[in-house]
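Those sequence lines, one after another, are chains A and B. What the first sequence shows, in our numbering, is residues 44 to 368, in sequence order. What the second sequence shows, in our numbering, is residues -10 to 383, in sequence order. Ideal Cβ placement from N, Cα and C applies to all residues, glycine included.
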Amino acid sequence: MSKMNMLQAINSALDTAMAENEKVLCFGEDVGVFGGVFRATSNLQQKYGKARCFNTPLVEQGIIGFANGLAAQGSVPVAEIQFADYIFPAFDQIVNESAKFRYRSGNLFNVGGLTIRAPYGGGIAGGLYHSQSPEAYFAHTPGLKIVVPRNPHQAKGLLLGAIHDPNPTLFFEPKRLYRASVGEVPDEDYRLPLGEAEVIKEGSDITLLGWGAQMEVIEKAVEMAEKEGISCEVIDLRTILPWDVETVANSVFKTGRLVVTHEAPLTGGFAGEIAATIQDRCFLYLESPIARVTGIDTPFPLVLEKEHLPNHLKVYEAIRASVDF
Amino acid sequence: MTTTKSKVVYSPVFTDGAEFRIPTFKLLKQDGSLYKSAKAPDLDKEKALRIYRAMVTTRILDERMLAAQRQGRLSFYMQCTGEEAAVIGSTAALDDGDMIMAQYREQGALAYRGFSIDEFMNQLFGNELDYGKGRQMPVHYGSEKLNYMTISSPLATQIPQATGYAYGQKMAGEGHCTITYFGEGAASEGDFHAALNMAAVHRVPVIFLCRNNGYAISTPAAEQFAADGVAPRAYGYKMDVIRVDGNDILAMYQATQEARKLAVEHNRPVLIEAMSYRLAAHSSSDDPSGYRSKDEEAVWREKDPILRMRLWLESLKWWSEDDEKQLQENMRREVLETMKRAQKRPPPALDTLVTDVYDEVPPHLAEQFEKVKAHICKYPDEYPKSAEHAKGGA
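Written as structure tokens, this is what we have:
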């Protein structure tokens, strides 16, 4: 065990994967000698050489197209997109290629070895183009897996899980927590399962569901609510696609109330999908409408970022409204 | 059916393009004198001084605002340092009515066109007078009246847009063109290739100005492309191309003047590769000591484009030590005073959170906004930037 921040945990996961399997390659813009603009790939080029960890030209569609080809050939590419906001030039390669490679070939070929890492999310004064949470765009694409870790321990275990998963996986890293989130992380290889949510706190009155950086927001809101005697169950969804309906439904059977929160805008956000499924599964158990606490339906602002973001106060208010319904 | 009319050969002949070595156009030496066979372009004193003042303004603004960022007054900043001649020399060769679609390091073009220090500061601090309404990070300027398209962070997206904008200008028939700026890193994006091809196919009056400054954040040009720079790509699209010493204000000016003629008078798009060096970090978030040496930077510091122009101006007796001192003092004072003023101004009104998403705020967003306001009114101390506005109804 070592004390690590989330960047160090991600670096440790990449190091572990590269040490175990020489087919694992890490590449992207500035990931080589510099170790990435956030330093997630620090020292990997020095340790494993330029052929396995390298800078690419500045072309996201090229990075993912290249990664698809590598994965089809049997290599295990871990491609970095510098910011999730810049993933869209690669949208075609991800949505039409990565996601459909296996299906369209009748499983003759697949790109299951592919992992795409990208920092996402707000709270760093990044404005329109360094703050977005694009998970819902990709959640509309069968064939992909989407994973978001909440802390260093989860980040290493889930990233190793993603690298070893036999399906193309998007791994969105909450960059606000890169250095802010610190915890004990095993030095050795360990893998956390994809497709499984985690109940991180049990409670009886209401279920709070989120992922990534939003888990910290939930924690603060729950602290406020519990002072008022509201018993909260907290679930980290961890994998957005395919998501763990059972764990969430079982919790709502028990509590009868659900608040889902994410930074992405409300309309078309993944909370809508969760709400629809859970009302279908738990209709007669619900004590109040399922609440969504999200960014509003605008591009991500800068100066008024705080007003836009679904912070702990807004989550707390949603808990109150649900309980008082 | 192919349109290639090439000679036929009967054994496999490969060509590596080595015959297309592109020369570098230079006029001005670092000591301010012209190269032996060089001739200064047609540039009068008034315009020369307008250019020089814009270069000095840009340098001082960059120095002060990076310092302000380091003091925590500003969240972020990007400097143009070392590339002032490439940007301002090219902008100055255009008509002020021509469109500029820049990347993000071209504040010099705005300074040349007459963007005031107040206007710069209002954007940098995202206050109530910022044209962009405090929505974008610092240095994402825009000015409709100065024909400078608002900056977008995603790289290279402006390049095909410039082709489209210029096609519209050609249709309008008013004799204008568009210049688009981008780095040698952005030239790797697919958008770059699409833009050049479409411009050549549709004979569009657009000037593609690549600032080859050696680095895309940490990635050196040698890891960006295997070719001899960006310029040779123009051949593949059948486009006129010139490579210019980007630290040579006179060469940049003349090359762009000629490019504009090709674009506007003959509907021939042009690629200009300006060879320069990003003397500062990529941005205030970057630290170049992790990927390049101080020695390398020192070599380029010796090639300062501003000093080079100043020495030329002095050789013509168009500029003096006193003029320099006065300009420096005035600019530094103006930047400081303006910064204080801009920093004190209140943030944009709360309703800027929801306006401009569409031409009008749609009902679902209006409803969301009412909830945001009610929430802020409940916790006014938590939202110091907007509590007053929320109470007042906007």
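C-alpha of S278/B to C-alpha of I261/A: approximately 39 angstroms in a straight line. The C-alpha of E247/B is placed about 48 angstroms away from the C-alpha of P308/A.
When rounded, the separation of the alpha-carbon atoms in Y328/A and I249/A is 12 angstroms. DSSP places F14/B within a strand segment (E or B) once states are collapsed to three. Around the beta carbon of F214/A, a 10 Å sphere encloses 16 or more other beta carbons of the protein chains shown; the residue is thus reported as buried.
In this structure, the CA atom of R249/B is about 27 angstroms from the CA atom of Y204/B.
The count of Cβ pairs closer than 8 angstroms, one atom from the segment 256 to 267 of chain B and one from the segment 232 to 245 of chain B, reaches three, so the stretches are in contact. Nearest CB-CB separation between R321/B and chain A: not below the 8 angstroms threshold. Cβ neighbours of Q58/B within its own chain (closer than 7 angstroms, five residues either side excluded): F65, Y66, S273. Contact with chain A is found for I365/B, since one of that chain's Cβ atoms lies less than 8 angstroms from the residue's Cβ.
Of all residues in the segment 120 to 135 of chain B, the ones placed with a Cβ closer than 7 angstroms to any Cβ belonging to chain A are G123, R124, Q125, M126, in chain order. Under the Cβ criterion of 8 angstroms, F214/B is counted among the residues facing chain A. For the segment 140 to 209 of chain B, the full-length alpha helix (DSSP H) segments reaching 4 residues or more read 147 to 161, 179 to 190 along the chain. Residue pairing by DSSP places P308/A opposite G338/A in a beta bridge.
Runs of the beta strand (DSSP E) spanning 3 or more residues and lying entirely within the segment 119 to 169 of chain A occur at 119 to 123, 158 to 163, in chain order.
For E239/A, the CB contacts under 8 angstroms within the same chain, skipping 5 residues up- and downstream, are R281, T282, D287, T290 in chain order.
Residues of chain B with a Cβ closer than 8 angstroms to the Cβ of A168/A are, in chain order, S64, F65, M126. Within 10 angstroms of the beta-carbon of A56/A lie 16 or more other beta-carbons, which makes it buried. Of all residues in the segment 161 to 187 of chain B, the ones placed with a Cβ closer than 7 angstroms to any Cβ belonging to chain A are G174, A175, S177, E178, G179, in chain order. In the three-state reduction of the DSSP assignment, E262/B falls in the strand class. In this structure the segment 230 to 238 of chain A does not lie against the segment 297 to 312 of chain A, because fewer than three pairs of beta carbons, one per stretch, are closer than 8 angstroms. Between the C-alpha atoms of R234/A and Q197/A there is a straight-line separation of about 9 angstroms. Around the beta-carbon of Q357/B, 16 or more other beta-carbon atoms lie within 10 Å, marking it buried.
Taking 8 angstroms as the CB threshold, D232/A stays off the interface with chain B. One finds nothing in chain A with a Cβ atom closer than 8 angstroms to the Cβ of K25/B; even the nearest lies about 39 angstroms away. DSSP places M88/B within a strand segment (E or B) once states are collapsed to three. By a beta-carbon distance limit of 8 angstroms, L83/B does not contact S132/B. Their separation comes to about 15 angstroms. In this structure, I206/B keeps its C-beta atom at 8 angstroms or more from the C-beta atom of N136/B. Under the Cβ distance rule, T304/A does not count among the residues neighbouring chain B, no pair being separated by less than 8 angstroms.
Taking 8 angstroms as the cut-off, the beta carbon of T13/B is found closer than this to the beta carbon of R232/B. Closer than 9 angstroms at the C-beta level to chain B, one finds these residues of the segment 94 to 107 of chain A: F97, N98, T99, P100, L101, V102, E103, Q104, G105. By the neighbour-count definition (other C-beta atoms within 10 Å, threshold 16), M258/A is a buried residue. At a cut-off of 8 angstroms between beta-carbon atoms, D340/A makes contact with chain B.
Setting aside the 5 residues that flank it on each side, K357/A is surrounded in the same chain by V336, each with a C-beta closer than 7 angstroms to its C-beta; the list follows chain order.
Interface with chain B (8 angstroms Cβ-Cβ cutoff): Y163/A is excluded. Comparing C-alpha distances from L345/A to each of V119/A, K66/A, L171/A, S331/A shows the shortest one belongs to L171/A.
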